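Quick note on numbering: UniProt numbering labels position 30 of the sequence shown as 30, and the sequence is numbered without any gaps.
By construction, the Cβ of each residue, glycine as well, lies at the ideal position given by its N, Cα and C atoms.
Note that the coordinates shown come from a computational prediction; the quantities given were computed from them, not determined experimentally.
Written out below as structure tokens is the structure these notes cover.
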Amino acid sequence: YRYEGKITNYFHKTLAHVPEIIERDGSIGAWASEGNESGNKLFRRFRKMNARQSKCYEMEDVLKHHWLYTSKYLQKFMNAHNALKSSGFTMNSKETLGDPLGIEDSLESQDSMEF
């Protein structure tokens with residue numbers, strides 16, 4: 001089975017190589033520290049580059065970014081977002097902030113109607 005999303009180095013080693021490591025070394029102690037260092041590097045990057053610099057929100061932002069990074073389903077949405085962003089897709093802010101249904105115009109026309 002081939003996983004289409006991004007996975008961390010630690011997760012890959014857990015799924016693919018733990019039986020080999022246990023058979024060779026008898027335990028996973030040395031391997032666990034390498035995976036932790038890799039995970040810490042990723043979390044450190046998320047904390048530095050992608051998190052709000054507030055202790056209240058920092059961990060929430062880091063976990064959300066990690067979730068986006070490792071979920072193949074959420075990655076599809078991120079790829080679509082990045083594709084739209086790179087193609088220069090923009091929305092007209094006047095239309096989105098104004099009256100999209102034209103309610104104000106219809107009310108004005110009703111006021112001017114004579115019964």
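A distance below 7 Å between beta-carbons, with the five flanking residues on each side excluded, links Lys76 to no residue of its chain. Per DSSP, the continuous alpha helix (DSSP H) segment holding Ser86 begins and ends at 72-86.
Considering only Asn40, Lys13, Ala16, Glu20, the residue with the shortest C-alpha distance to His66 is Asn40. Note on geometry: alpha-carbon atoms of Glu20 and Thr70 lie some 24 Å from one another. Nearest C-alpha to Ser38 among His12, Met78, Tyr73: His12. Rounded to whole angstroms, the separation of the alpha carbons of Phe89 and Ala51 is 25 Å.
Considering only Ala16, Val62, Leu84, the residue with the shortest C-alpha distance to Phe43 is Val62.
Only residues of its own chain outside the window of five on either side were considered, and among them none has a CB closer than 8 Å to the CB of Lys48. Assigned with DSSP and collapsed to three states, Ala51 falls in coil, not helix or strand.
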